[in-house]
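Student:
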């Protein structure tokens with residue numbers, strides 16, 4: 268058991284990093300959703316002046332980095348590391364989006380969990396004394412994800428009721444060793460938890476067991492109870508996965524329902540927007556965290572947030 | 268500048284992690300190459316009893332983890348984290364290979380640099396006090412990589428003279444906070460360095476500028492000269508990339524030629540085996556490091572090794 272470990276999977280920081288600034292840029296559909304006022308910029312269309320969706324996603328990454336550095340009043344040469352990834356093969360959105368940055372780079376693939384993974388490792392790099400300033404970021408894009416994981420958009424395929432809508436957007440957080448807050452105090456790292464869900468149109472069900480397992484472990488490791496937090500937040504289980512997660516936790520004696528939400532449920536207006544089971548993709552939790560959640564924390568409306576390191580499931 | 272930083276991109280560890288054990292399992296071609304006696308196991312054929320190459324690659328990961336834990340006399344529940352990735356879309360080799368481990372997992376995508384990336388981050392987790400035992404590992408598989416990145420094997424496509432042969436293999440290192448050595452003393456993290464090489468059959472040329480840049484930075488940051496090291500090792504530049512790297516460094520006033528080698532050049536017998544410009548893939552540097560290099564270090568034949576964090580280029 269290392270010095271900073273408590274329980275099985277949780278580390279407590281001795282010099283917790285601050286989240287100095289965040290930035291988020293989203294697509295048009297997200298720009299009409301429930302959190303539309305929380306984002307820094309809404310792009311005019313899915314191509315944003317580029318000639319492919321993949322290039323547009325790289326531009327989301329590039330511009331979101333520029334925005335978070337501007338908001339944090341920092342320049343590229345002051346950043347020790349970027350930790351980033353996306354859903355595309357070979358993480359091309361991050362690689363092409365960041366290739367001119369001249370900043371040491373760690374590429375991550377956590378699928379929908381990439382934002383939490385980057386925040387986890389980024390925090391450890393700062394608390395461990397390896398960095399003073401780290402940018403943690405991810406992206407996803409509805410059109411590039413559909414092309415890669417599902418059907419050509421041109422087919423106009425019918426979507427299953429359980430399917431989720433990959434968020435077009437990029438979110439970034441600038442972590443700092445400066446003691447300004449808000450702080451990342453602890454990290455509970457998840458494990459791969461595959462219950463054998465093979466329905467590619469029901470990712471919420473596939474991801475929920477790992478979510479529930481990590482949340483249970485977090486409370487067991489820390490000895491905290493759910494009411495310690497103002498908000499317990501999963502990445503993108505969507506409506507179906509959220510309900511499964513709540514049920515699984517209740518079966519294990521933990522009731523989080525009155526302070527639990529899911530970024531995939533929050534980002535769209537599920538009554539008016541045709542998104543079926545909710546938002547998904549690593550841009551979902553990244554933009555909800557960098558937009559709505561961070562802003563509410565800075566206003567003092569949210570004091571303690573458990574932002575969940577969700578499992579690996581693509582988009 | 269954080270407390271452990273020296274120079275621009277290098278961190279020096281205060282409590283350097285030991286490499287407690289390594290393991291490597293390779294394919295049949297690698298098992299006939301120049302380093303054939305250094306691997307733990309050579310699989311009988313590319314499918315290894317599975318019904319797809321991708322499943323065979325997952326089995327490589329699964330069995331290499333079992334082997335490194337056995338050699339380190341440790342069980343799954345004693346491992347704080349696994350850091351792993353591979354070349355396949357959504358890193359499925361690592362995900363399916365490790366899903367029964369019940370160990371907290373960080374997924375990485377560094378393409379050919381993934382082994383050095385996992386060793387870098389794994390070392391930081393131990394030196395930073397977040398872990399006592401970490402497994403760092405990667406895999407690649409010739410057939411699964413060809414299917415994903417190039418042509419169906421059944422076509423029997425002619426290979427370009429500059430093309431490299433993706434290594435079938437998985438390599439793992441068990442890092443520990445125990446003070447047994449050999450130690451990982453420092454990490455110089457690379458940056459994305461894209462000189463615009465667009466020839467998918469000449470990855471050595473694409474990767475060499477980033478390799479040269481990181482090596483230059485390492486010596487500038489540390490103030491060391493190349494003769495400090497018994498071996499300076501890049502991942503998989505191959506014959507062509509190795510020569511470009513040497514030339515680029517000489518143009519910048521650094522001569523490493525008499526102590527420099529490349530895992531992609533070392534792993535095959537380039538005279539007798541039909542592999543064109545050399546080996547590649549993240550399994551290449553992983554198995555050469557876990558096999559030959561670690562064994563030579565344990566024998567005392569290699570005392571100081573610079574194992575280079577190569578740039579992102581797939582397989």
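Residue numbers (the working numbering), protein chains in the order written: chain A, 268 to 582; chain B, 268 to 582.
Where a beta carbon is used, it is the ideal one built from N, C-alpha and C, also for glycine.
Ignore the nearest five residues each way along the sequence and tell me which others in residue 572 of chain B's own chain have a CB closer than 7 Å to its CB.
Tutor: Taking the first residue of the second chain as position 1, residue 572 of chain B is located at position 305. 496, 497, 498, 500, 560, 564.
Student: State buried or exposed for residue 558 of chain B, treating a residue as buried only when at least 16 other CB atoms are found within 10 Å of its CB.
Tutor: Taking the first residue of the second chain as position 1, residue 558 of chain B is located at position 291. Buried, by the Cβ-count rule.
Student: For a test of the three-state rule: what should DSSP assign to residue 527 of chain A, helix, strand or coil?
Tutor: On the first chain, residue 527 of chain A is found 260 positions in, with the first residue counted as 1. Residue state, collapsed to three classes: strand.
Student: Which two residues bound the contiguous beta strand (DSSP E) that contains residue 403 of chain B?
Tutor: Locating residue 403 of chain B in the second chain gives position 136, counting from the first residue. Residues 400-407.
Student: Can you say whether residue 375 of chain A is buried or exposed, counting buried as having 16 or more other CB atoms within 10 angstroms of its CB?
Tutor: Within the first chain, residue 375 of chain A is the residue found at index 108, counting from 1. It counts as buried.
Student: Which whole runs of the beta strand (DSSP E) in the region 324-368 of chain A are 3 residues long or more, in chain order?
Tutor: The qualifying runs are 348-352.
Student: Put residue 465 of chain B into one of helix, strand or coil per three-state DSSP.
Tutor: Reading the second chain from its first residue, position 198 is the one you call residue 465 of chain B. Looking at residue 465 of chain B - three-state DSSP - the assignment turns out to be coil, as it is neither helix nor strand.
Student: Let's test the definition: count the other Cβ atoms within 10 Å of the Cβ of residue 294 of chain B and tell me whether it reaches 16, buried, or not, exposed.
Tutor: Residue 294 of chain B sits at position 27 when you count from the first residue of the second chain. Burial call: buried.
Student: Between the Cα of residue 425 of chain A and those of A:303, A:282, A:301, A:542, spot the shortest distance and give me the residue it belongs to.
Tutor: Within the first chain, residue 425 of chain A is the residue found at index 158, counting from 1. Among A:303, A:282, A:301, A:542, the Cα nearest to that of residue 425 of chain A belongs to A:542.
Student: State yes or no: is the beta carbon of residue 377 of chain B nearer than 9 Å to at least one beta carbon in chain A?
Tutor: As a position in the second chain, residue 377 of chain B is number 110, starting the count at 1. So, interface residue.
Student: Please compile the residues from chain B whose C-beta is within a distance smaller than 8 Å of the C-beta of residue 424 of chain A.
Tutor: Along the first chain, one-based indexing puts residue 424 of chain A at 157. The contacting residues do not exist; residue 424 of chain A stays about 20 Å from chain B at best.
Student: Would you say residue 348 of chain A lies against chain B (beta-carbon separation less than 9 Å)?
Tutor: Within the first chain, the letter at position 81 stands for residue 348 of chain A. It does; some Cβ of chain B falls within 9 Å.
Student: Could you give the DSSP three-state label for residue 495 of chain A: helix, strand or coil?
Tutor: Position 228 of the first chain holds residue 495 of chain A. Residue state, collapsed to three classes: helix.
Student: Classify residue 485 of chain A as helix, strand or coil using the three-state DSSP reduction.
Tutor: Walking along the first chain from the start, residue 485 of chain A turns up at place 218. Helix at residue 485 of chain A.
Student: Measure the Cβ-Cβ separation of residue 549 of chain B and residue 352 of chain B and say whether it is below 9 Å.
Tutor: One-based indexing of the second chain puts residue 549 of chain B at position 282. One-based indexing of the second chain puts residue 352 of chain B at position 85. Yes. Within cutoff.
Student: Leaving out the 5 sequence neighbours to the left and right, which residues in its chain are closer than 6 Å to residue 335 of chain B when beta-carbon positions are compared?
Tutor: Sequence index remark: in the second chain, residue 335 of chain B carries index 68 (1-based). Excluding residues within five positions, the ones whose Cβ falls inside 6 Å are 288, 290, 439, 441.
Student: Could you check whether residue 414 of chain B and residue 320 of chain B sit closer than 9 Å to each other, using their CB atoms as the reference points?
Tutor: Start at 1 with the first residue of the second chain, and residue 320 of chain B comes out as number 53. Start at 1 with the first residue of the second chain, and residue 414 of chain B comes out as number 147. Cβ atoms of residue 320 of chain B and residue 414 of chain B: closer than 9 Å.
Student: Give the range of the alpha helix (DSSP H) segment to which residue 555 of chain B is assigned.
Tutor: Start at 1 with the first residue of the second chain, and residue 555 of chain B comes out as number 288. Note, residue 555 of chain B: alpha helix (DSSP H), 549-555.
Student: Check whether the Cβ of residue 522 of chain B lies closer than 8 Å to any heavy atom of the ligand SAH, and answer yes or no.
Tutor: The ligand SAH is not among the ligands present in this structure, which contains no ligands whatsoever.
Student: Which chain B residues sit within Cβ distance under 7 Å of residue 473 of chain A?
Tutor: Position 206 of the first chain, counted from the start, is the residue given in the question as residue 473 of chain A. Under the 7 Å cutoff, chain B gives no residues; its nearest Cβ is about 12 Å from residue 473 of chain A.
Student: Below 8 Å on C-beta distance, what does residue 371 of chain B contact in chain A?
Tutor: The sequence position of residue 371 of chain B within the second chain is 104, counting from 1. 276, 456, 457, 458, listed in chain order.
Student: Could you work out which residues of chain B lie near residue 366 of chain A, taking near to mean beta carbons separated by less than 7 Å?
Tutor: Within the first chain, numbered from 1, the residue matching residue 366 of chain A stands at position 99. Within chain B, the residues near residue 366 of chain A are 459, 461.
Student: Which residue from A:473, A:516, A:356 puts its Cα closest to that of residue 503 of chain A?
Tutor: Translated into the one-based positions of the first chain, residue 503 of chain A becomes position 236. Here the closest residue by C-alpha is A:473.
Student: For residue 398 of chain B, which residues in the same chain have their Cβ closer than 6 Å to its Cβ, ignoring the five residues on either side in sequence?
Tutor: Numbered from its first residue, the second chain carries residue 398 of chain B at position 131. Excluding residues within five positions, the ones whose Cβ falls inside 6 Å are 347, 348, 392.
Student: Using the Cβ count rule (16 or more neighbours within 10 Å means buried), how would you classify residue 525 of chain B?
Tutor: By one-based count along the second chain, residue 525 of chain B stands at place 258. Exposed, by the Cβ-count rule.
Student: Determine contact between the region 445-457 of chain B and the region 308-319 of chain B, defined as no fewer than three beta-carbon pairs at a distance below 8 Å.
Tutor: Because the criterion of three Cβ pairs below 8 Å is not met, the region 445-457 of chain B and the region 308-319 of chain B do not touch.
Student: Can you list, in chain order, the residues of its chain with a C-beta nearer than 8 Å to that of residue 488 of chain B? Leave out the 5 residues immediately preceding and following it.
Tutor: Reading the second chain from its first residue, position 221 is the one you call residue 488 of chain B. Correct list, in chain order: 273, 274, 275, 276, 277, 455.
Student: Against residue 398 of chain B, what residues of chain A qualify as contacts under a CB-to-CB distance less than 7 Å, listed in chain order?
Tutor: The count along the second chain starts at 1 and reaches residue 398 of chain B at position 131. Ordered by position in chain A, the residues that pass the 7 Å Cβ test against residue 398 of chain B are 269.
Student: Give the DSSP-derived three-state secondary structure of residue 543 of chain B in the structure shown.
Tutor: In the second chain, the residue the question calls residue 543 of chain B occupies position 276. Here residue 543 of chain B sits in coil by DSSP.
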